[in-house]
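Reading through the structure tokens given below for one structure.
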Amino acid sequence: MAIKLKMGVVMSCTNRPWGTGHAVICAAPHVDDSFAVANADDLYGTEAFRGLFEGMHDSPKDPVLVTYRLEKTLSEYGGVNRGVCVIDENGLLVEISEFSDVRETKFGITGKDSTGRVATLSKEALVSMNLWGLTKSFLDHMEGMFTEFLRKNQGDTSSEFFLPDAVSVQIKTGLVEVDVVETEGEWLGVTFPSDREQAVRLLGSKVEKGYYSTSLATDFKESLI
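To convert, take the position in the sequence shown, counting from 1, and add 21; that gives this note's numbering.
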């Protein structure tokens, strides 16, 4: 079975974007099948995209989430925000809990939950980095949720319609089951200016090993020929 993945860039849909869920909805006119969603400022690695494709192939009617071990997604230079996943015995996503200021401390890895309470997190916890395989039916349900969100929050410019929240609601209401794919690959992001040096070093080593080409622009042009 072939799965068609469409790629696009959503620049802005209104004068005031309403979060990651809104960005996905903006792409709705160009989606007619299963599709992938990824953050443009994260480097997920080949293993993650391979796992995503295989997960979508195995479960074409259900959304898929690629997860990483928490310890592999931290910064040495400050706290980050992470969505910590709860997985059931069947490997399905139960919920995503958002934690802020997640960092390594002398007490282990800590983060603040939605109430501001500091909690200790397992380094083995699976976290979402917003790498999803979604379906057209999921998107149709989300559009209705966004309409209700706007009705309640149109006067609050600080509110955001987050994709993980939309997924959690559909799980709790029984509209979807979300398969979880864990990747052992390396994730790379630049949250703080000091992260740049590590990113350059890691990318350089991958180019030397042949994992990446020395010229992605050239490779891309040749793939179109």
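Positions of the beta carbon are idealized from the N, C-alpha and C atoms, including for glycine.
List in chain order: all unbroken beta strand (DSSP E) runs of 3+ residues lying wholly within the stretch 29 to 113. The stretch 29 to 113 contains these whole beta strand (DSSP E) runs: 56 to 58, 85 to 90 and 101 to 108.
Distance check for residue 106 and residue 153, CA to CA, integer angstroms please. Taking the first residue of the sequence shown as 1, we reach residue 153 at position 132. Taking the first residue of the sequence shown as 1, we reach residue 106 at position 85. The alpha-carbon atoms of residue 153 and residue 106 are separated by roughly 13 Å.
Whose C-alpha, out of 194, 42 and 202, is nearest the C-alpha of residue 75? In the sequence shown, counting from the first residue as 1, residue 75 sits at position 54. The alpha carbon of residue 75 has as its nearest neighbour, out of 194, 42 and 202, the alpha carbon of 202.
Cβ separation of residue 187 and residue 166, assumed to be a contact under 8 Å, to the nearest whole Å: Within the sequence shown, residue 187 is the residue found at index 166, counting from 1. Within the sequence shown, residue 166 is the residue found at index 145, counting from 1. 6 Å between Cβ atoms; contact.
For residue 20, collect the residues of the same chain with a Cβ closer than 6 Å to its Cβ; drop the 5 residues on either side in sequence, then sort them by chain order. Since the first and last residues shown for the chain are 22 and 246, residue 20 lies out of range.
Rounded to whole angstroms, what is the Cα-Cα separation between residue 228 and residue 207? Locating residue 228 in the sequence shown gives position 207, counting from the first residue. Locating residue 207 in the sequence shown gives position 186, counting from the first residue. Between residue 228 and residue 207, the C-alpha separation is close to 14 Å.
Would the stretch 216 to 225 and the stretch 80 to 92 be scored as touching if the rule is three or more Cβ pairs under 8 Å? Verdict: no, contact absent.
Curious, which full-length beta strand (DSSP E) runs of at least 3 residues does the stretch 162 to 242 contain? Fully enclosed beta strand (DSSP E) runs of 3 or longer: 200 to 203.
Answer yes or no: do residue 148 and residue 88 have a C-beta to C-beta separation smaller than 8 Å? Sequence index remark: in the sequence shown, residue 148 carries index 127 (1-based). Sequence index remark: in the sequence shown, residue 88 carries index 67 (1-based). The answer is yes: Cβ separation under 8 Å.
So, with DSSP's three-state summary, where would you put residue 157? Mapped onto the sequence shown, residue 157 falls at position 136. Residue state for residue 157 is assigned as helix, using DSSP reduced to three classes.
Residue 58 beta carbon less than 8 Å from that of residue 199: The residue you call residue 199 lines up with position 178 of the sequence shown. The residue you call residue 58 lines up with position 37 of the sequence shown. In this structure, residue 58 does not lie closer than 8 Å to residue 199 by Cβ.
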